[in-house]
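Notes for the one structure printed next.
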Amino acid sequence: MIIIMNPGASEEQITFVAEKLKKRGFGIHFSRGVERTVIGAIGDKSAIEIEALEVLPGVSEIVPIRKPYKLVSREFKKEDTVVKIGKKLSIGAKNPICVIAGPCSVESRKQINEIAQDVKKSGAAALRGGAFKPRTSPYSFQGLGVEGLKYLAEASRKTGLPVVTELMDPRELKPILKYADVIQIGARNIQNFPLLKEVGRVKKPVLLKRGSGSTIEELLMSAEYILSEGNRNVILCERGIRTYETYTRNTLDLNAVPVIKKLSHLPVVVDPSHGTGKWDLVEAMSAAAVACGADGLLIEVHNHPEEAFSDGSQSLRPDTFSNLMVRLKSIAQAVGRSL
Ligand code: PEP
Ligand code: MN
């Protein structure tokens, strides 16, 4: 349930209510809005009488949260969450649309540095690149590991772009925390609950990708795992789901953007590269994603897609990416955003 405090409620009153709930075994989470504080209390409702709470000084209203996800819900927090990435970048609410671009995999020091320079020049806000790769075949390129993270960090230093990279194994969390700015949890790990809990215990922003077989509710439940451990810095990512359509690699479910915006306060980014699997569809779907309210895009860019170690067929060349960025600016403007 959520306890909505009066606009003028004092700190003592807020603490009093929170302590009372804690004593009854509730987990307490605060949402401090501009006007009023909301206390989220998660636990067994029968442990306390609602009427006894309602009369406490400073309490305005008690509202049950009917959804299975609580902390990620709009009911718990009305205002859009803004996630800070690195020192300068913010995503969510009315912040500029955040374009995260780079190769599927970090392949070499030269490759990632060149691509980082290219995407920076075109106006990308952050750099992506996988150092630990989830591949369907164990014989495919598995990523450069920690060496790849070091190359990413170097490219980040040289361009000023913060870095997004995937974590697959909790044992790799430490180097990722050291070298990256955002932890990506990939589609295949959306229900790896121990991994979600692990990233919930750190402060670093998490980009959580929808699984190819996940419903929107399952995506939100996975986000709930992270928030319930204390990490509020979660960005959700629509990257396509598996349907009976085989022309594209996945079916990019852009419905998810306005649906998530309605159900949750968390920022949403769209990945048209994995969503389509085809580079020549990326432009149209990026434009559509911005038009329907996405807070950001995750786009694969490669300087030699034909030689890429992974996902070359869905990667844009730097010049195509640059043209796309120009087009996105006017679409962003048309929907009251900037890029
Ligand atoms: C990726 O971003 O390169 C990736 C593996 O994405 P997903 O987890 O969405 O398949
Ligand atoms: Mn990829």
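So the sequence shown is numbered by our numbering: it starts at 2 and just counts up by one.
No residue lacks a Cβ here, since even glycine has one placed at the ideal position from N, Cα and C.
Note that the structure is a prediction, hence the values are computed from the model and not measured.
Of the candidates 68, 36, 22, 22 places its Cα closest to the Cα of residue 50. These are the residues, in chain order, with a beta carbon less than 5 Å from any non-hydrogen atom of ligand 2: 105, 312. The three-state secondary structure of residue 6, taken from DSSP, is strand.
Here the stretch 155-166 makes contact with the stretch 111-120; the two share three or more CB pairs at distances below 8 Å. Taking the Cβ atoms as the reference, residue 81 lies roughly 5 Å from residue 266, within the contact range of under 8 Å. Inter-residue distance for residue 42 and residue 140 is about 48 Å (C-alpha atoms, whole angstroms).
Residue pairing by DSSP places residue 271 opposite 239, 298 in a beta bridge. Within the same chain, Cβ atoms closer than 8 Å to the Cβ of residue 326 are found at 100, 123, 124, 125, 340, the five residues on either side in sequence being excluded.
The Cβ atoms of residue 291 and residue 332 lie closer than 7 Å to each other.
In the structure shown, residue 219 falls within a helical segment according to DSSP collapsed to helix, strand and coil. In the displayed model, residue 192 falls within coil according to three-state DSSP, outside both helix and strand. The C-alpha of residue 190 lies about 24 Å from the C-alpha of residue 259. 7 Å or more divides the Cβ of residue 143 from the Cβ of residue 167. Measuring C-alpha to C-alpha distances from residue 68 to each of 3, 181, 130 identifies 3 as the nearest. Between residue 297 and residue 270 a beta carbon distance of about 4 Å is seen, short of the 8 Å cut, so the two are scored as contacting.
For residue 256, the number of other beta carbons within 10 angstroms of its own is below 16, and it is reported as exposed.
Along the stretch 109-185, the beta strand (DSSP E) occurs as fully enclosed runs of 3 or more residues at 127-129, 164-167, listed in sequence order.
Placement of the Cβ of residue 338 at a distance of 6 Å or more from every heavy atom of ligand 1 is found. Secondary structure of residue 91 (DSSP, three-state): strand. 240 is the residue among 111, 240, 74 whose C-alpha sits nearest the C-alpha of residue 214.
Contact fails between the stretch 82-89 and the stretch 277-286, because fewer than three Cβ pairs, one in each stretch, are under 8 Å apart. By the criterion of a C-beta distance shorter than 6 Å, residue 216 is surrounded by no residue of its chain, once the five residues flanking it on both sides are discounted. Positions of the alpha helix (DSSP H) runs, each at least 4 residues long and wholly inside the stretch 30-111, are given as 51-55 in order along the chain.
The beta carbons of residue 202 and residue 230 sit closer together than 7 Å. Residue 295 has its Cβ no nearer than 6 Å to any heavy atom of ligand 1. Of the residues 72, 115, 244, 318, the one whose Cα lies closest to the Cα of residue 235 is 72.
Selection 254, 282, 208, 252 evaluated against residue 238 yields 208 as nearest (Cα-Cα).
Burial of residue 104 is indicated by the presence of at least 16 other C-beta atoms within 10 angstroms of its C-beta.
Going by C-alpha positions, residue 314 is about 10 Å away from residue 277. In this model, residue 63 and residue 55 are separated by some 7 Å (Cα to Cα).
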